[in-house]
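Here's the structure we're looking at; comments come further down.
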Amino acid sequence: MLEKKYHKNSISEEDKPDGFIGTFFSENKLKRLIEEEKSLAVACDGDKVIGFAGAVSWQFLKIWPVFYPMIDDLPNIKYKDRVLSIDNSYQYGPACIDKDYRGTEVLPNLFECSRLLMKDRYPILVTYVDQNNQRSFQAHSRKLGLDVVKQFEFHSNKLFVLCCDTSRKTPGSKGIQ
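Read in our numbering, the sequence shown has 253 at position 117, and its numbers run on one by one without any break.
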């Protein structure tokens, strides 16, 4: 599974500079994400899963104490003259793409699919990128055009907090229905 292969605790040090994910969803959490949130975007090449992007409401996340610091920090984040809350924003991620498909149209299309799943519910997307994960940071800030709004420390990890307006079509995406 991509999630295990590219998680920061299981990926080789040699492969880390090419990107990693920091969140792991158990099978139960993943099942709930699909059934309750209906917000998991999956990219396939034939029968092979080559990428995925999660998106979840803060209401979904607040049952797990590990997410409390992020939820509690929302009122300290202002984006496009709006103070964030659990009612006007959601968390995007993790997003993971097989290394053979990185640098292609997979990320913009996955992101666009994920955005379309959530845009009618929330006007603002929030995501957190580990500052040591420069590939992911560059992909989300430069390629997708997300805005860096602040830095955040979470369980000894330094993160960039990025946001975007969900009414904005994803640059570089095409053919998403």
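C-beta: ideal position from N, C-alpha, C; glycine also.
Computed from a predicted structure; not experimentally measured.
Residue burial classification, residue i (beta-carbon count within 10 angstroms, cutoff 16)
i, result
"residue 172", "exposed"
"residue 248", "buried"
"residue 262", "buried"
"residue 180", "exposed"
"residue 227", "buried"
"residue 251", "buried"
"residue 307", "exposed"
"residue 302", "buried"
"residue 291", "exposed"
"residue 244", "buried"
"residue 200", "exposed"
"residue 221", "exposed"
"residue 284", "exposed"
"residue 242", "buried"
Local conformation of residue i per DSSP, three classes
i, result
"residue 266", "strand"
"residue 272", "helix"
"residue 220", "coil"
"residue 186", "strand"
"residue 303", "coil"
"residue 261", "strand"
"residue 277", "helix"
"residue 250", "helix"
"residue 165", "helix"
Identified DSSP bridge partners for residue i
i, result
"residue 289", "294"
"residue 180", "185"
"residue 193", "226"
"residue 328", "Nothing about residue 328 can be reported from this structure: the residues present for the chain run from 137 to 313 only."
7 Å Cβ cutoff, residue i in contact with chain D
i, result
"residue 291", "Given the protein chain composition of this structure (a single chain), no chain D is represented."
Any non-hydrogen atom of the ligand NAP within 6 Å of residue i CB
i, result
"residue 269", "Among the components of this structure there are no ligands whatsoever, and the ligand NAP is therefore not found."
Exercise. Counting only runs that start and end within the stretch 195–243, where is the beta strand (DSSP E) found for 3 or more residues in a row?
Worked result: 225–233
For this session: Check whether the stretch 257–274 touches the stretch 284–299, taking contact to mean three or more Cβ pairs, one atom from each stretch, closer than 8 Å.
Result: yes
Exercise. Are the stretch 181–199 and the stretch 222–238 touching by the rule of at least three beta carbon pairs closer than 8 Å?
Worked result: yes
Exercise. So does the stretch 269–278 actually touch the stretch 197–214, counting three or more Cβ pairs closer than 8 Å?
Worked result: no
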